[in-house]
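Chains as they are written, first to last, in the numbering used here: chain A, 1 to 338; chain B, 1001 to 1338; chain C, 2001 to 2338; chain D, 3001 to 3338.
4 protein chains.
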Amino acid sequence: MINIAQFGAGRIGAIHADDLARSGDAKLLYIVDVNEAAAKAIAARTGAQVTDAKTALGDPRVHAVIIASSTDTHADLAIRAAKAGKAIFCEKPIDLSLKRVDQCLAEVEKARVPMFVGFNRRFDPSFRALHNRVAEGEIGVVEQVIISSRDPGLPPLSYLKVSGGQFRDMTIHDFDMARWLLGEEPVELFATGSALVDPQVGKLGDIDSAMVVMRTASGKLCHINNSRRATYGYDQRIEVHGSKGRLMASNHVQTSVELANEKSISTDKPLYFFLERYAEAYKAELAAFLAALKGKKRMPVSADDGRQALVLAEAALASLKSHEAVKVKELEKKFKKS
Amino acid sequence: MINIAQFGAGRIGAIHADDLARSGDAKLLYIVDVNEAAAKAIAARTGAQVTDAKTALGDPRVHAVIIASSTDTHADLAIRAAKAGKAIFCEKPIDLSLKRVDQCLAEVEKARVPMFVGFNRRFDPSFRALHNRVAEGEIGVVEQVIISSRDPGLPPLSYLKVSGGQFRDMTIHDFDMARWLLGEEPVELFATGSALVDPQVGKLGDIDSAMVVMRTASGKLCHINNSRRATYGYDQRIEVHGSKGRLMASNHVQTSVELANEKSISTDKPLYFFLERYAEAYKAELAAFLAALKGKKRMPVSADDGRQALVLAEAALASLKSHEAVKVKELEKKFKKS
Amino acid sequence: MINIAQFGAGRIGAIHADDLARSGDAKLLYIVDVNEAAAKAIAARTGAQVTDAKTALGDPRVHAVIIASSTDTHADLAIRAAKAGKAIFCEKPIDLSLKRVDQCLAEVEKARVPMFVGFNRRFDPSFRALHNRVAEGEIGVVEQVIISSRDPGLPPLSYLKVSGGQFRDMTIHDFDMARWLLGEEPVELFATGSALVDPQVGKLGDIDSAMVVMRTASGKLCHINNSRRATYGYDQRIEVHGSKGRLMASNHVQTSVELANEKSISTDKPLYFFLERYAEAYKAELAAFLAALKGKKRMPVSADDGRQALVLAEAALASLKSHEAVKVKELEKKFKKS
Amino acid sequence: MINIAQFGAGRIGAIHADDLARSGDAKLLYIVDVNEAAAKAIAARTGAQVTDAKTALGDPRVHAVIIASSTDTHADLAIRAAKAGKAIFCEKPIDLSLKRVDQCLAEVEKARVPMFVGFNRRFDPSFRALHNRVAEGEIGVVEQVIISSRDPGLPPLSYLKVSGGQFRDMTIHDFDMARWLLGEEPVELFATGSALVDPQVGKLGDIDSAMVVMRTASGKLCHINNSRRATYGYDQRIEVHGSKGRLMASNHVQTSVELANEKSISTDKPLYFFLERYAEAYKAELAAFLAALKGKKRMPVSADDGRQALVLAEAALASLKSHEAVKVKELEKKFKKS
């Protein structure tokens, strides 16, 4: 049995805690959150104890931590967990600052603790099948990847203000999908965007609609399109084109019911948002983390994967400003210098 | 917390026991099975105690029983549970003999205990949505129901010998769907069938391919087609035609991945069999049973529903032999006389 | 160039005349119709001459006739054409009376002229592909055929009065599809039906909703469901189940456009009715008739195919009345005696 | 009756000549081609006379010309036709040189003859329905357009050498779709590409795989992805995202047949290439040209539409080289200066 301390009792935290309780492989010893009511609710459901970070990290029975607290606390908690010798499951992003991510990763490496970054989409049954079938060569050599990723609705402006902007907050998932499916690092990236959903977003210096194009060293191409609003629900589709064919994963629906009447033939809308669409993915990523811990295997999504996706988000921001394609390696060098 | 004793630790029994363990509403106190190893495995997972029927039914802490043992034990266990004052969740069919079913139902009625029959398909998200949308009048007055229900493969002949035949064993689910969706009892039924999948089935006096047509008093029509084999998996589809349109529920798949290549555009096959397709339905039917118990409400699928589906199976058998449409009420009278 | 005389300048007649004009293989010499205006309209478009039956059949330049006039004139015109030595393309049905059909076929046989019956659905691209792929063994041995055939709306009662009833007028097409796809003659047939769309239909002694089940000598099963109304358009679907899989042909649509919005995902309704759905089939059947004539080959749909479909319609009528499965051969014998 | 002289008897020329013959609105008087055999074949089928450009343009009976000859002759023939006072239907592109296009358009304007550019996709039933439904406001304000456009296979290298490159030859159609659907001119464009299908293409200085992103003045975004190879056929799909939903048009297929077997559920591949997919579009564009001529109305696709798509292709080429987003207006100015 793997003993866990979890930081964060919000929406995602509740999912992880409940999935843990059902997993049979692990036990939630501690739950830590500044929102005491939320922490207590999870404690009541799972038998965990509400405590503070110090106590949780100081308990030698704790094997691993789940960091599902607010983004600005991720890096700090990860560093403290690393120093305490705990394995780490960290929600994305590790931090909004690449510099801070690098500090964090240095500490994790020094402590030689395993670290998993919660890119849940890699564990969605459809995207996983897509990836595996591409990897097995079903469509030959990959040539183009096209990712459509659209949220059902704009989050509150208060959230957007601290989100790091659309590329770091939302597109980061798509950057991870792109790297995973291309099987090769993007070397050049062009991004553009607009505030079309709500002009208030533009006043914050952010965008709510984006298009990105990337290129790898061997010439593979990748496109990402994003919007913060899709009236029909959560739009999550990926196409991979290869020398021998195309593999696509489309949206998931609640039921297979179809209505035919005087107006049209109509079917269910996509599942509403990430909690619905990725319910199975959350279970599977936690299981994968626990299985890697038990088997002392390499983490299937590493801290470096978390870092690389953020590098692409930084490149997108730079391109949005410069109206030029950004060389990813050169951008990284600049960050290291600064 | 509702305390449960469960009879049967086989394939379906394991599902119910695990769903119970996760439900939070109920506790499995006892597990009873002639196969001790199977019972012990469930006990180990759930904290239940392995015991015999007498002990389980004699414990006053037990509020309800789940009968998931072999078909020939259902009626006996249901009668004993009724006499012991326990609420009953009984897998279909209650018994293969209508006479025995009637004896059982008489005892249950006498004991005034609630009884639920496990017609899991009523709790499948797609069929439930179909039913509810029909009931809400989305397609006006129902005129025709068409049910396609095909198993992925023939069960062992040893199973078929004691199954009661295709109509009582397999079509019985479709008869329940038909009654539920027509919203009116079939009064006339014609059935035909063949042993096309395996001539051995014919030698047993059974069929493996069937077609049924039914008619209600107001003239609504219903068709059922069955096969014991579908190379592409479990084929479970329903169409309802009404005065204002058509509602259909089609198969469920594992992933939304589509491959396009030189040969064709291809997608996932339907989920393989009932364990996969109806995993959610099993959870939901148990939850519905527990909710009805807690709320002291009417069972959403009653013992009489179990009986009526068997009456239609008997009518189908009679029609298969006579090559005539059978009047359902007259057939019932004959059974009562005999 | 094949010279044609056509009887009938109505809806179907206009289609054939226009398809002829575009075919390049044939020339419409004469158009005959009691409705002179309709005949003149076709003549003006095609260069044909408006005339009467006697003149048309007496002209030795005429190689073949197209009979697309009202049903009650088909047999008489076919007999006259046969006696005049003309090849015959006859719209279905040859006649509503099996006796009269047999007289007609006897004359055609005596005259040794080729006769084609216009079962257009055999030339629909989807149904033809379905048939060919079944014939090529793609799904192994055929076991079940399921035909859904629903008109968009009820025709005028005045039409229904002279239509011969739903089985002879509408289901006859499905009987032809069944025979074609089963690859074996039905030996037993059960039919039931209701007047659900309009009680006036019932007062005429007819039905507007029907379900049929058929069985062949080797035990293959076939189901047909019909309605005179489908609010969503012309519903024309066929499933064939075999030992190695299932082939289905579904409806055709005008465009591939899909709308996703707050309510649902919606696509085009099926093409409205037979003129739209079978536009290509009408072209292809005429081309097949002309090609068979030119190549002096066997007609791809024979006069006997027209007769056999009518025999099944008669069996359906008998079953509807008797509530029993009808033995097709015995019914035929009765007709011969009478 | 509109009298036509046609230049070009190749693949597209044959389509136009045959569609003309069937249209009933126009008569093909002359067919001109350096390939005399091809010209004669069309003449034989349509009753046209084989002649040279001078004769055709000199005949005062000729109202309009169809220019479907090789690209390098388009501008010259259009100028000569304009000077002769003939209305012009010109296949895309008008010319590969923007300078030459501008000369041609100046002459056409001076002559005040109507000129239509053959962007056939605007007349595809699905894309037209998509456009009209967008225009009617069904999805609110347009925000993003995503165009997937992939050819089934690489043309011969000999063709590629004189094609003007992928952007001018292939993407030009997508640029036209983008302008038509955005309802606003792109002001900024980024393009990238690779030779992934065949390295020989790269040696020609061309690409066979491309991705483009465009932005309009109001911030609408558009993405185009192209490949010269799609093993599954001609991939022609468009998505339009608006403030109230999404409209998509997907591929067209030959039949609605679906196979289910042990491997998968599979359906028809997309129609093979432009001759199949756009057969109806070719008919409709010709009809639209003739209708505009007869009604003396504005051409539904103007010479300027032809020019603007080429401007975007030039911008794409410039961006491919510079790795920067190109301002479309500034690029146009440069061309005018040069």
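Glycine is no exception: its CB is placed at the ideal position from the N, C-alpha and C atoms.
| Check | Outcome |
| --- | --- |
| Considering only DSSP beta bridges, list what B:G1153 is partnered with. | Answer is none; B:G1153 lacks a bridge partner. |
| Quick one: residues in its chain with C-beta nearer than 8 Å to the C-beta of B:V1201, no 5 flanking neighbours on either side, listed in chain order? | L1154, L1157, L1160, A1195, I1207, D1208 and R1228 |
| Does DSSP put C:V2101 in a helix, in a strand, or in coil? | helix |
| If we cut at 8 Å on Cβ distances, does A:F190 have a partner in chain D? | yes |
| First and last residue of the alpha helix (DSSP H) that includes D:H3016? | R3011 to S3023 |
| Give the straight-line distance between the Cα atoms of B:F1289 and B:P1300, rounded to the nearest whole angstrom. | 8 Å |
| Within a Cβ cutoff of 8 Å, which residues of the same chain sit near B:H1131, ignoring the five residues on either side of it in sequence? | R1122, W1180 and L1181 |
| Going along chain D, which residues have a C-beta under 8 Å from A:A325? | F3190, T3192, H3323 and E3324 |
| In chain order, what are the residue ranges of uninterrupted alpha helix (DSSP H) at least 4 long that sit wholly in the stretch 2046-2077 of chain C? | 2053-2058 |
| Opposite B:Q1006 in the DSSP bridges: which residues? | B:I1031 and B:I1066 |
| Where do the ends of the beta strand (DSSP E) carrying C:G2118 lie? | M2115 to G2118 |
| At which residues does the beta strand (DSSP E) containing B:M1214 begin and terminate? | S1209 to T1216 |
| Who pairs with D:M3248 in a beta bridge, going by DSSP? | C:E2258 and D:E3239 |
| Ordered along the chain, which non-local residues of its own chain (more than five positions away) have a Cβ less than 7 Å from that of D:V3141? | G3242 and S3243 |
| Excluding the 5 residues preceding and the 5 following C:S2250 in the sequence, name in chain order all residues of the same chain whose CB lies nearer than 6 Å to its CB. | R2237 |
| Is any heavy atom of the ligand ZN found at a distance shorter than 7 Å from the C-beta of B:Q1200? | As for the ligand ZN, it is missing from this structure, which has no ligand bound. |
| Just curious, the beta strand (DSSP E) that C:A2325 is in, first and last residue? | Careful: C:A2325 lies outside any beta strand (DSSP E) and carries neither H nor E. |
| Alpha carbon to alpha carbon, what distance is there between B:A1014 and A:F116? | 33 Å |
| Based on DSSP bridge pairs, tell me the residues matched to C:T2231. | Answer by DSSP bridge pairing: none, since C:T2231 is not bridged. |
| Please decide whether D:A3260 counts as near chain B, where near means a Cβ-Cβ distance under 8 Å. | yes |
| Would you say the stretch 2089-2102 of chain C touches the stretch 2267-2274 of chain C, given that touching needs at least three Cβ pairs under 8 Å? | no |
| So with CB distances below 9 Å, who are the chain C contacts of A:Y30? | Those do not exist, as A:Y30 stays about 42 Å from chain C at its closest Cβ, beyond 9 Å. |
| Determine the direct distance from the alpha carbon of C:A2037 to that of C:N2003, and round the result to whole angstroms. | 23 Å |
| First and last residue of the alpha helix (DSSP H) that includes B:G1202? | P1199 to K1203 |
| Which chain E residues are close to D:T3231, counting only those with a beta carbon under 7 Å from its beta carbon? | You won't find chain E in this structure, because its protein chains are A, B, C and D. |
| Check each candidate in B:S1322, B:D1176 and B:E1280 and name the one with the smallest Cα separation from B:Q1308. | B:D1176 |
| Can you find the residues in the same chain that come closer than 6 Å, C-beta to C-beta, to B:S1069, ignoring five residues on each side of it along the sequence? | F1007 and G1008 |
| Where do the ends of the alpha helix (DSSP H) carrying D:S3126 lie? | P3125 to A3135 |
| Taking its Cβ as the centre, do 16 or more other Cβ atoms sit within 10 Å of A:K86, making it buried, or is it exposed? | buried |
| When the Cα of D:C3222 is compared with those of D:Y3234, D:T3231, D:E3239 and D:D3235, which residue comes out closest? | D:E3239 |
| Does DSSP put A:S148 in a helix, a strand or coil? | strand |
| With C:L2247 and C:V2134 assumed to form a contact (beta carbons below 8 Å), what rounded beta-carbon distance in angstroms separates them? | 6 Å |
| Looking only at C-alpha atoms, which of A:L96, A:K321, A:E188 and A:K27 sits nearest to A:D76? | A:L96 |
| Taking the alpha helix (DSSP H) that B:I1172 falls in, what are its first and last residues? | I1172 to L1182 |
| Determine, using beta carbons only, whether C:I2238 comes closer than 8 Å to chain B. | no |
| How many whole angstroms separate the CB atoms of D:V3065 and C:S2126, which I take to be in contact at a CB cut-off of 8 Å? | At roughly 40 Å, the Cβ-Cβ gap does not stay under 8 Å, so D:V3065 and C:S2126 are not in contact. |
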